[in-house]
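Only one structure is covered here, and it is reproduced in the block below.
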Amino acid sequence: MQSRFEGIWVPIITPFSGESVDHAALARLARHLAAQGIAGLVAGATTGEGALLGLDEQAAVFATLRGAAPSLPIVLGVSQAATQAAVAQARHLAALRPEGLLATPPTYVRPTQDGVQRHFEAIVEAADLPVLVYNIPYRTAVNVELETLQALARDPRVVGIKECGGSVERLLRLVHETPLRVLSGDDSQNFAALCAGAHGTIAASAHIEAALHVRMHARLRDGLLVEARRIAVALLPLTRALFAEPNPAPLKALLAELGWCEADVRLPFVPATEALRGRLREEHATLQRCVASLGG
Ligand SMILES: O=C(O)C1=N[C@H](C(=O)O)C[C@H](O)C1
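Under the working numbering, read the sequence shown as residues -13 to 282, first letter to last.
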């Protein structure tokens, strides 16, 4: 049940044209990413502006992705403050038969760990699908503690964790003291997380030069640290620029520049500033030169 949750996963953007989802752009981008050797797609997470999509829009995004990249597993994002709302969302999305759900702890309310555990247990019961815990305390305001994860992992349907911003010690403990698949969700920490034994990444920055992220993961898996580190160093400046303003506005600006979609984001996101657009263009050009010098 667990082995597919490894490698490089892309939390795909939801392209908009004005107020509507641009399904043609979404399909084209998904086909492109699938051809780069990624392991799977996550739809409607942070980068996909999941919190700003209606349930029907999330279902339509899933249908487009399934059609465009039929060989790729797809995981769908669930994020709510109320357990009842999370259960309803999980049930609705599970009916589409994705390969799994990526669920945050309750947002905003800051419950105890007991409340966090019961929130996830309710989601798992409702979905009856593989569930990955999306631990992103800088957005939800609550951390999912190691002991809570160990308790949740007693249910084999809780298959993994997407960890954002934890320390190296925490990453090591997640890898070695839980049975979970550990996917790093903090782009500037992905290399360190993989070195600590994480099984893969869910990386917004992997929209750009996805094959390079795939290669970095493969090199580390094969014990080729120096080559993997060279790739990580090449990726870092663009990654930093992509997160210099709230994700996914900078990423959408760069993808628009590259002709994949329009740069439109939904409020309260606002488009990337002009200054950042210039920096993104420069860092992208630098990365292109590095790709050429890194070879195959
Ligand atoms: O959407 C995601 O999944 C990710 N979101 C994180 C964030 O925006 O904080 C970053 C990570 O690349 C994946």
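Glycine included, every Cβ here is placed at the ideal spot set by N, Cα and C.
Between ligand 1 and the CB of Val61, the shortest heavy atom gap is not smaller than 7 Å. Contact annotation, Val73 with Val117: C-beta distance approximately 12 Å; criterion of less than 8 Å not satisfied.
Residue pairing from DSSP places Tyr120 in a beta bridge opposite Lys148. Residue range Glu260 to Leu280 is occupied by the alpha helix (DSSP H) that includes Ser279. The beta carbon of Leu87 is closer than 8 Å to those of Val61, Leu62, Gly63, Val64, Ala76, Leu79, Ala80, Ile109, Ala113, Leu115, Pro116, Val117 and Leu118 in its chain, skipping five residues each way along the sequence. With a cutoff of 8 Å on beta-carbon distance, Leu169 and Ala139 are scored as not near each other. The residues Ala25, Arg167, Leu169, His185 and Gly186, in chain order, have a CB closer than 8 Å to that of Glu(-8) in the same chain once the five nearest residues on each side in sequence are set aside.
The stretch 47 to 92 contains, as complete beta strand (DSSP E) runs of 3+ residues, the segments 60 to 64 and 86 to 89 (chain order). At a threshold of 7 Å, Gly34 counts as near ligand 1, since its beta carbon sits closer than that to one of the ligand's heavy atoms. For Gly186, the enclosing beta strand (DSSP E) begins and ends at Gly186 to Ile188. By the Cβ criterion, the stretch 37 to 55 is not in contact with the stretch 218 to 225, since fewer than three pairs of Cβ atoms, one from each stretch, lie closer than 8 Å.
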